[in-house]
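Heads up, the sequence shown is in the UniProt record's numbering, so the first residue is 1 and it goes up one at a time. Glycine residues also receive a C-beta, built at the ideal position from the N, C-alpha and C atoms. Because the structure is a prediction, the values reported are computed rather than measured. One structure below.
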Amino acid sequence: MTGLPRRLRALPLRSRLALLVATAVALAVAAVATACWFVTRDQLNDQLDRSLRNSPAVDKSLVEELLSGCRGTGRKPLRAPGSYSLQIIDASGTVCESPGSAPINPTGADLAVAGDERQDVLYSGTDTAGKKMRIYTYRVVLRASGEIYAVSVARQESEVTGPLSSLAWVLVLVAGIGVLGAGAAGLWVARSGLRPVDELAHAVEHVARTEDLTVRIPVEGEDEIARLSRSFNTMTSSLATSRDRQSQLIADAGHELRTPLTSLRTNIELLARSDETGRAIPPDDRRALMASVKAQMTELAALIGDLQELSRPDAAQPGPLQVVALHDITRTALRRARLRGPELTVTDELAPWYVRAEPAALERALVNILDNAVKFSPRGGTIEVTLHRGQLTVRDHGPGIPAEDLPHVFERFWRSPSARQLPGSGLGLSIVARTVQQAGGEITLRPAEEGPGTVATVRLPGAPTPPPGTETGTGTG
Numbered sequence: 001m002t003g004l005p006r007r008l009r010a011l012p013l014r015s016r017l018a019l020l021v022a023t024a025v026a027l028a029v030a031a032v033a034t035a036c037w038f039v040t041r042d043q044l045n046d047q048l049d050r051s052l053r054n055s056p057a058v059d060k061s062l063v064e065e066l067l068s069g070c071r072g073t074g075r076k077p078l079r080a081p082g083s084y085s086l087q088i089i090d091a092s093g094t095v096c097e098s099p100g101s102a103p104i105n106p107t108g109a110d111l112a113v114a115g116d117e118r119q120d121v122l123y124s125g126t127d128t129a130g131k132k133m134r135i136y137t138y139r140v141v142l143r144a145s146g147e148i149y150a151v152s153v154a155r156q157e158s159e160v161t162g163p164l165s166s167l168a169w170v171l172v173l174v175a176g177i178g179v180l181g182a183g184a185a186g187l188w189v190a191r192s193g194l195r196p197v198d199e200l201a202h203a204v205e206h207v208a209r210t211e212d213l214t215v216r217i218p219v220e221g222e223d224e225i226a227r228l229s230r231s232f233n234t235m236t237s238s239l240a241t242s243r244d245r246q247s248q249l250i251a252d253a254g255h256e257l258r259t260p261l262t263s264l265r266t267n268i269e270l271l272a273r274s275d276e277t278g279r280a281i282p283p284d285d286r287r288a289l290m291a292s293v294k295a296q297m298t299e300l301a302a303l304i305g306d307l308q309e310l311s312r313p314d315a316a317q318p319g320p321l322q323v324v325a326l327h328d329i330t331r332t333a334l335r336r337a338r339l340r341g342p343e344l345t346v347t348d349e350l351a352p353w354y355v356r357a358e359p360a361a362l363e364r365a366l367v368n369i370l371d372n373a374v375k376f377s378p379r380g381g382t383i384e385v386t387l388h389r390g391q392l393t394v395r396d397h398g399p400g401i402p403a404e405d406l407p408h409v410f411e412r413f414w415r416s417p418s419a420r421q422l423p424g425s426g427l428g429l430s431i432v433a434r435t436v437q438q439a440g441g442e443i444t445l446r447p448a449e450e451g452p453g454t455v456a457t458v459r460l461p462g463a464p465t466p467p468p469g470t471e472t473g474t475g476t477g
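In C-alpha cells form, the structure reads like this:
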C-alpha cells in the first residue's frame, strides 16, 4: 500500500489524472453494475416465486385428476403445465409425480404440510437428478373424501441463474468498455486542461535557461489556470523591472563614482610626481590639493553610505519601529544643519508630535532634507522649519525647482541641471522618500507660493502614545 502512492507520484500529472478518472469511473460502474445485478436477481426470484404460487397447477380438480391417474383407475395421469414439475405427497411420504416431471426429493417441510401441520412452504431444493429447484408446497383437502395431501410445484432455478449469468457478462463487458472509454476521455481532458500548465512549464524552463524575462503567457478566461498565467506574467514583469533598476543603479553608481575617483587620482598623481621628481609644489597649491583630496574622499564616503542604504530592496521591511518624538529628532537635525550653513538663518517652530519610525533612518531623512535646503539657499538666506500636527515643513529661499523637474526629484541619482555642479550623489531624496513611506507617511516638494524657493512637506501619522518617560504634548495624535 505504501508503494502505490510513490508509483503514482512518479507518473506525469496527465497520466495521474487519467488514471484517477478511470478509477473513479470503474468504481462507479462497478457499484451500478453490482446494484443492477442484485436488483435484477431479486426481481427474477420474486417473479419465479409468484409464478409458483399462481401456477395453473394450484387447482384441486387438477390434483384429483393426478391422483386418479396415479391410483391406476384407468385415467391418463395429468401432465404438469408448461415448465412446471408437479407431484403429490401423502402423510406417509408416498410421492406421485406427473408425467414428464423430475421427481423432487421430499423434505420434512413437505411432510409437515401433508400431515396438516403447515399450510404451505416455499424453499429451494433439488430433484433426484441433482438439479436445483425452486419448490412451492401447499396443502390440498379433497372435496369428496376429505383426505389431505401436499402438492409440490417446482421450477428449475436455472431459469433465473441463466439470465443472471448472461447479465453479469454483459455488465462486465459494458463496464470494461466504459472504463476504457473513461480512461481515454480522462487522458484527453487531462491533455486539454493541462495545456496551459505545459505552456507555463515551458515558459519557466525557458526563463531558467535563457534568463529572458520578456516571456509572456496568453491569458484566456478567469479560471485558476488563467490566474496562474496572470501571476506568472506579473512576476516576470516585476523581475524584469527589478533587473532593469539594478542595472541602472549599477550604471548610475559607476558614473557617480567615476568623477570623484578621477579627481582623486589626478590630485594623488600630482602629489606623487612632485615627490618622485623632487620638484616641490608651492605650499598654497599643496594645501589646495590636500583640501581637494579630503573633499573627494568625504564625497566618496557619503556616496558609499547612500549606496549601502539603498542596497536594501524597496519592499524590505524597515528596522524595528519605535515611538519617537519627531520634534526632538528635528531639533537634532537642525543643529547639524546650522553647523553646515553658519552664514544662514534657520528658524524653527516645533510643536510636539510622536510617530512610529526607525529613529536612525528618520533622523538621516530629516538631515538630508535640511542639507538640500542649506545647499540651495543663497548666502545669508533664511530657512524656515515648522512642525504642526504631524506636518513638517522646510522652506528655503533658493532658486527653486523647475516644474518639469519635480516629477523626478525622488528618483535615484537624478540631479537637476542646476545642481550637477554642487556636491552630492542624487540619492538623498530617494532615501528620504523610502524612509517616510516605511513610516506610513508621505513627502512632497513644491515651489514656494511667495518669492523664490522650495517647500518640502513631510506628513507622518501620530503614534497612539508617546514613549515612556516623555511629556504628552498637544500633538499626540
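What residue from the options has the CA that sits closest to residue i's CA?
i           : options            : result
residue 19  : 54, 184, 87, 160   : 184
residue 407 : 374, 385, 447, 381 : 447
residue 55  : 44, 152, 38        : 152
residue 348 : 320, 382, 285, 368 : 382
residue 443 : 304, 431, 292      : 431
residue 334 : 304, 366, 322      : 366
residue 121 : 160, 148, 320, 52  : 52
residue 243 : 107, 119, 214, 265 : 214
residue 43  : 125, 161, 224, 295 : 161
residue 289 : 277, 129, 268, 275 : 268
residue 125 : 105, 149, 50       : 105
residue 322 : 402, 362, 167      : 362
residue 206 : 223, 236, 181      : 236
residue 140 : 115, 48, 400, 203  : 115
residue 175 : 338, 34, 400, 224  : 34
residue 123 : 146, 45, 163, 336  : 45
residue 138 : 127, 118, 129      : 118
residue 164 : 39, 372, 336, 359  : 39
Can you list, in chain order, the residues of its chain whose CB lies under 8 Å from that of residue i, leaving out five sequence neighbours each side?
i           : result
residue 460 : 326, 353, 355, 357, 390, 392, 436, 439, 440, 441
residue 219 : 226, 229, 230, 233
residue 83  : 155, 156, 159
residue 378 : 397, 398
residue 111 : 89, 91, 93, 150
residue 109 : 118, 121, 123, 137
Please look up how many angstroms separate the CB atoms of residue i and residue j, rounded, as I've assumed it's under 8 Å.
i           : j           : result
residue 21  : residue 178 : Rounded, the Cβ-Cβ distance is 12 Å, inconsistent with contact.
residue 478 : residue 374 : The shown model of the chain, from 1 to 477, leaves out residue 478, and the question about it has no answer.
residue 171 : residue 37  : 6 Å
residue 380 : residue 453 : Actually they are not in contact, since the Cβ atoms of residue 380 and residue 453 sit about 14 Å apart, beyond 8 Å.
residue 296 : residue 260 : 4 Å
Might you give, ordered along the chain, the residues of its own chain that have their beta carbon closer than 7 Å to the beta carbon of residue i, omitting 5 neighbours on each side?
i           : result
residue 4   : With a pLDDT of 49 at residue 4, under the threshold of 50, the predicted position of this residue should be treated as unreliable, though the coordinate-derived value follows. Here the set comprises nothing.
residue 200 : 217, 228, 229, 232
residue 168 : 37
residue 338 : 346
residue 445 : 401, 406, 409, 454, 456
Would you identify the three-state DSSP class for residue i, choosing helix, strand or coil?
i           : result
residue 323 : strand
residue 139 : strand
residue 196 : helix
residue 477 : At residue 477, the pLDDT of 37 sits below 50, so the modelled position is not reliable and the matter cannot be decided from this model.
residue 260 : helix
residue 462 : coil
residue 217 : coil
residue 455 : strand
residue 87  : strand
residue 447 : strand
residue 119 : coil
residue 280 : coil
residue 435 : helix
residue 275 : helix
residue 127 : strand
residue 349 : strand
residue 204 : helix
residue 76  : Annotation note: pLDDT 46 at residue 76 (below 50); position unreliable, coordinate value reported separately. In this structure, residue 76 counts as coil in the three-state DSSP scheme.
residue 147 : coil
residue 479 : Because the chain in this structure spans residues 1 to 477, residue 479 falls outside the shown range and cannot be described.
residue 98  : coil
residue 3   : For residue 3, the predicted model reports a pLDDT of 47, less than 50, meaning its position is unreliable; a value from the coordinates is still stated below. It is helical.
residue 442 : strand
residue 152 : strand
Sorted by chain position, which residues of the same chain lie with C-beta nearer than 6 Å to residue i's C-beta, five sequence neighbours on each side aside?
i           : result
residue 464 : none
residue 240 : 213
residue 187 : 18
residue 341 : 374
residue 97  : 87, 103
residue 394 : 369, 373, 385, 456
Run the proximity test for residue i: is its beta-carbon closer than 7 Å to any non-hydrogen atom belonging to the ligand FMN?
i           : result
residue 344 : Judged by which ligands are present, the structure shown has none, so any question about the ligand FMN falls away.
List, from N- to C-terminal side, the beta strand (DSSP E) runs of 3 residues or more that fit wholly inside the segment 356-406. DSSP runs (the beta strand (DSSP E)) wholly in the segment 356-406: 382-388, 391-395.
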